[in-house]
Amino acid sequence: MKLSTKGRFAITAMMDIAIHERSGPVTLIGISERQGISMSYLEQMFAKLRKGGLVEGIRGPGGGYRLAQRPERISVADIIDALGDTMNLTRLKQHQDEVEEEPPLTEVLWQEFDQQLHDFLDGITLDQFANHPEVLKVMGKPDVRQFRPRHHFIFDSAA
Numbered sequence: 556m557k558l559s560t561k562g563r564f565a566i567t568a569m570m571d572i573a574i575h576e577r578s579g580p581v582t583l584i585g586i587s588e589r590q591g592i593s594m595s596y597l598e599q600m601f602a603k604l605r606k607g608g609l610v611e612g613i614r615g616p617g618g619g620y621r622l623a624q625r626p627e628r629i630s631v632a633d634i635i636d637a638l639g640d641t642m643n644l645t646r647l648k649q650h651q652d653e654v655e656e657e658p659p660l661t662e663v664l665w666q667e668f669d670q671q672l673h674d675f676l677d678g679i680t681l682d683q684f685a686n687h688p689e690v691l692k693v694m695g696k697p698d699v700r701q702f703r704p705r706h707h708f709i710f711d712s713a714a
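Listed below in structure tokens is the structure:
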């Protein structure tokens with residue numbers, strides 16, 4: 556699994572919705588302004604997030620996006636998977652004329668690592684991530700809700 560810029564932006568946008576949707580649907584313009592993500596990039600991502608069943612679009616005046624599921628039911632892995640942005644770290648290309656009966660040992664190890672990374676990210680919910688005090692501080696939400704971590708996060712303030 557690879558966490559690309561697209562994946563990081565999608566997680567950030569989903570956290571923005573989780574934090575701000577109490578006031579109603581969240582617009583892409585609002586996310587773009589708060590998070591510094593281009594509108595065209597958000598539109599592409601949200602088409603995939605909508606197709607993946609993670610967000611719902613609300614049309615008309617006062618429209619925007621809201622989470623399609625409760626934030627505690629959406630994992631970071633769900634977001635990355637919806638983008639189709641996963642990458643099996645074992646993609647070792649073989650020539651079509653080469654046929655091996657068993658994959659090389661390194662490929663097996665990378666497959667295991669990839670699965671463990673996916674399982675780890677599947678254990679982190681949007682709610683946990685979005686309610687972390689440092690995330691709320693960066694996202695500009697004044698009321699910090701109680702946070703009970705299941706995982707320890709390291710936030711680099713220089714990032």
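Going from the sequence shown to my numbering is simple: count from 1 and add 555.
Think of the CB as a built atom: it goes at the ideal place given N, C-alpha and C, for glycine as much as any other residue.
Can you round the beta-carbon distance between Gln-624 and Leu-609 to whole angstroms, since I take them to be within the 8 angstroms contact cut? 7 angstroms
Counting only the same chain and skipping the five closest in sequence on each side, list residues whose C-beta sits under 8 angstroms from that of Phe-601. Ala-568, Leu-583, Val-610, Gly-612, Tyr-620
Cα-Cα separation, Ile-574 to Leu-660: 44 angstroms
Residues near Gly-618 by beta carbon distance below 8 angstroms, same chain, minus five either side: Pro-580, Thr-582, Gly-612
Using the beta-carbon count (16 or more within 10 Å), is Pro-688 buried or exposed? exposed
Could you name the residues that DSSP lists as bridge partners for Leu-622? Val-610
Can you pull the DSSP bridge partners for Thr-680? Ser-630
Considering only residues of the same chain and omitting the five flanking positions on each side of Ala-685, which have a CB-CB separation below 7 angstroms? Met-570, Ala-573, Ile-574, Pro-626
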